[in-house]
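Visitor: Take a look at this one; I'll ask things after.
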Amino acid sequence: MSEHLQTFFAGRWRDASGPRYATEYPHDGSTVATLHAGTSADVDEAVQAAEAARWKPNWARLKHHERAALLHRVAAGIRANAEGLAQLQRLDNGKPIRECRALVASAAGTFQFFAAAAETWEETLTPSRGDFLTLSVHEPLGVVGAITPWNSPIASEAQKLAPALAAGCAVVIKPAEVTPRMAIELAKICQQAGVPDGIVSVLPGKGSVVGDALVRHPLIQRIAFTGGTTVGMGIQRLAAEKLMPTSLELGGKSPTIVCADADLDHAVAGVLYGIFSSSGESCVAGSRAFVHAQVYDEFKARLLQGVQALRVGDPAREDTQMGPLVNQAHRTSVERYVELGLQEGGRLLAGGTRPTGGYYDHGSYYLPTVFEGLDNRTRLCQEEIFGPVLALLPWRDEADLIAQCNDNLYGLASGIWTRDYKTAWRIGSALQVGTVWVNTYKLFSISTPFSGVKMSGYGQEKGREGILAYTAQKSFYWGLNDNPLPWAAG
Ligand code: NAD
């Protein structure tokens with residue numbers, strides 16, 4: 001039995017006015033919920049209501065510590081509903097339940113962190129250079145749009161919503177069409193926590209309709225976007241028309257480097273986790289593993305043992321490591337890449353097919369897949385697949401290794417496995433990426449900035465500074481001289 005979901009926009013719970021559609025549970029293709037997509041008229045209504053709400057005294061006059069208290073209540077609301085939220089997220093995108101729980105916990109932590117950032121907000125009295133005092137303050141940008149992908153909904157949405165609210169902005173969230181649930185739940189929790197109506201709106205639906213209308217809306221002052229590089233480039237083009245700042249968290253093709261001196265137990269576990277957790281549907285998936293030739297055969301043998309032991313299956317089970325892909329269409333796109341890898345001369349060492357039998361036949365499952373024998377210049381090694389597909393590449397010379405790692409349009413993340421801290425520093429410093437994990441992978445901390453370089457985007461999220469992205473700086477000069485300005489007086 002599926003549920004009908006209403007959404008919350010312009011301060012009211014109701015259906016959006018676009019066509020009705022259904023969301024599916026990737027495990028078995030069953031309908032989870034039906035809801036209505038937003039339209040450009042809905043976007044306009046939500047944005048106008050947000051613009052009105054942000055000037056009302058119950059939002060505009062809140063002191064930083066009061067806004068912090070509100071964000072703490074949102075964090076508490078997420079924690080109080082944590083298990084229910086995790087189960088809903090599992091149904092929305094098919095992630096294993098343990099991963100969903102971690103994402104929900106991280107969302108609560110994000111609100112807590114930005115509550116602290118709001119509470120300890122400081123402004124700057126700049127050094128005086130005359131008979132005047134100079135002071136610079138940060139003001140909320142206004143109404144901002146948050147556009148998010150389907151792979152880690154609650155975490156992506158919290159990373160935009162929390163700093164925006166902490167800064168005093170109003171937010172219209174456009175979640176991915178296939179995973180609207182978490183944004184709607186967050187709106188409910190914000191309302192219960194006391195966020196004034198109109199300050200948070202959620203409009204699900206198609207990117208080309210709702211997302212596009214949000215980006216183009218004249219009252220939207222910023223777009224915080226996480227998603228694919230092509231869509232991000234389109235957003236930046238439109239943003240240029242109104243000189244609107246954006247942050248673009250985009251795709252990746254992250255290299256993981258295994259050095260000859262690496263602790264292979266750790267490296268194997270790290271490479272497996274880096275590519276196959278979240279079924280590879282992760283922007284930072286370590287999809288190219290460069291393994292030193294001296295340890296290549298041993299690493300490969302151990303890695304393949306690990307792949308065979310991975311528990312691929314029902315995301316509701318506590319011991320599942322890899323669930324289904326988000327939907328059949330995405331699985332087809334992963335399958336096309338595997339065919340391409342074979343045409344490009346790759347040898348399949350594992351996977352390359354769907355698991356079959358029982359529920360596997362109904363869900364969008366795909367087996368963890370490992371290739372070798374591919375050149376780094378092949379499309380399989382260059383393009384983001386966003387699925388459980390790993391390419392193993394041997395390396396010998398460090399300069400050539402670094403050149404190959406950097407020979408890619410993207411620059412999101414990387415991993416280095418070595419016992420030598422100098423090697424890690426040298427290689428890590430030479431990589432053109434936003435994040436380097438040394439002897440670990442895919443760990444995240446809200447207090448540490450995150451961003452890509454090159455075609456992986458720009459604009460830091462997370463970290464104390466993350467809040468400033470939602471502000472505009474205004475400087476004040478206070479004249480202290482008892483006499484009129486000499487020019488006017490003279
Ligand atoms: P996507 O770019 O297709 O969609 C992302 C969001 O943008 C969705 O809400 C979508 O509806 C919306 N959108 C689509 N077209 C739009 C348009 N013309 N105008 C405005 N909005 C539009 O990405 P996806 O398939 O949902 O997610 C996968 C991608 O996200 C991958 O490339 C992945 O690497 C990337 N991603 C990046 C990060 C990061 O932090 N760098 C994190 C997670 C995912």
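For the sequence shown, this note's numbering assigns the number 490 to the last residue and increments by one with no breaks. Quick reminder that beta carbons are idealized off the backbone N, C-alpha and C, glycines included.
1) In this structure, how does DSSP classify Gln221 when only helix, strand and coil are distinguished?
2) Just to confirm, are Asn524 and Ala424 a CB contact at a threshold of 9 Å?
3) Counting along the chain, where does the beta strand (DSSP E) carrying Pro140 start and finish?
4) Terminal residues of the continuous beta strand (DSSP E) containing Glu24?
5) Between which two residues does the alpha helix (DSSP H) harbouring Ala82 extend?
6) DSSP three-state call for Ile154: helix, strand or coil?
7) Does DSSP classify Arg14 as helix, strand or coil?
8) Under 9 Å, do Leu70 and Gly252 count as touching if we go by C-beta distance?
9) Jot down the residue ranges of each uninterrupted beta strand (DSSP E) in the region 302-357, minimum 3 residues, whole runs only, in chain order.
10) Should Ala176 be listed as close to the ligand NAD, given that the test is whether its C-beta is under 8 Å from any heavy atom?
11) Which residues mark the beginning and the end of the alpha helix (DSSP H) in which Lys511 is found?
12) Does the distance between the C-beta of Gly207 and the nearest non-hydrogen atom of the ligand NAD fall short of 8 Å?
13) Just tell me which of Glu344, Leu412, Tyr477, Asn481 has its CA closest to the CA of Arg379.
14) Any heavy atom of the ligand NAD closer than 8 Å to the CB of Pro245?
15) Quick test of your reading: Gly306 and Leu272, contact by CB under 8 Å. State the CB separation rounded to the nearest angstrom.
16) Please say whether Ser282 and Asn151 have beta carbons closer to each other than 9 Å?
17) Which of the three DSSP states is assigned to Leu374 in this structure?
18) So, helix, strand or coil for Gly274, using DSSP?
19) Measuring only from the beta carbon, is Leu70 closer than 8 Å to any heavy atom that is part of the ligand NAD?
20) With DSSP as the reference, label Pro255 as helix, strand or coil.
Guide: Here's the rundown:
1) strand
2) No answer is possible for residue 524: the residues shown for the chain start at 1 and end at 490.
3) 132-140
4) 20-24
5) 82-93
6) helix
7) strand
8) no
9) 347-350
10) yes
11) Residue 511 lies beyond the stretch modelled for the chain, which goes from 1 to 490, so this question has no answer here.
12) yes
13) Glu344
14) no
15) 5 Å
16) yes
17) coil
18) helix
19) no
20) strand
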